[in-house]
Amino acid sequence: MENQLDGELYIGDNVGPELSSFKNLDEENPNGFELLEFTNNDRHVVIDKVIFKYKDLTSLPKTKNKCAKWFKPWGGAKICVGWSLKKKWLYRIGHLRVTLIDEKDGKRIVEECVKTGAVAAILAGVFSGGSAAVGAAKVAIEACLVSKLGDKLVSVSLKVKSHRGDWE
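All residue numbers for the sequence shown refer to the working numbering, where the first residue is 518 and numbers rise by one.
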């Protein structure tokens, strides 16, 4: 069984997994959203990657009971005398795609804005119990990109998808 962390942030040289590497990824997630949408014919993709993954503690895990201790009173018979509760948590994955007209300093600026969004998400998560973290990241990343890139910004999308982890 793989030991999963409660959350991971992929910025700078810390490269996140490909979106296709997640098992049971929902394609129609009600929590997915688009930040901004502009159109321009001269597009240059600067960043297209998973930027975060976290255990959603606001969603109840799937659970199942599993026998942890068996009693075998005679040959062929066995009785469960100890149960353990297994959990399968829901994880949220953030996929960011930013398109710019000009790549000059674009990657650096996008990374700075992702860091700003991470700080906003952490603070909002602490004060809201986790429920406002993604919304705060959305607003912070959007404001940062618009202020620093202006008319060089073609499009930004931050989609949040979900998948269930392994039984623990």
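Glycine included, C-beta positions come from ideal geometry on N, C-alpha and C. Given the structure is predicted, the values throughout are model-derived calculations rather than measurements.
C-beta contact flag for residue i and residue j at 8 Å
| i | j | result |
| --- | --- | --- |
| A657 | A649 | no |
| H612 | K676 | yes |
| Y527 | Y571 | no |
| V673 | E659 | yes |
| G533 | V562 | no |
| F588 | H680 | no |
| F569 | E535 | no |
For residue j and residue i, the rounded distance between their alpha carbons
| i | j | result |
| --- | --- | --- |
| T575 | A637 | 18 Å |
| K632 | L602 | 37 Å |
| K669 | G634 | 20 Å |
| R614 | G646 | 27 Å |
| D530 | D523 | 21 Å |
| G652 | W606 | 21 Å |
| L662 | E620 | 13 Å |
| S664 | E629 | 12 Å |
| K604 | I639 | 25 Å |
| K579 | D573 | 12 Å |
| G682 | I610 | 12 Å |
Which listed residue (the options) has its alpha carbon closest to that of residue i
| i | options | result |
| --- | --- | --- |
| G599 | N582, K605, G592 and W606 | N582 |
| S537 | L662, G623 and D565 | D565 |
| I618 | G682, V671 and P590 | V671 |
| C584 | K624, V627 and I596 | I596 |
Helix, strand or coil at residue i [DSSP, three-state]
| i | result |
| --- | --- |
| K589 | coil |
| E685 | coil |
| S679 | strand |
| T616 | strand |
| T575 | coil |
With 16 other Cβ atoms within 10 Å as the buried cut-off, status of residue i
| i | result |
| --- | --- |
| F644 | exposed |
| G667 | exposed |
| T616 | buried |
| L577 | exposed |
| K586 | exposed |
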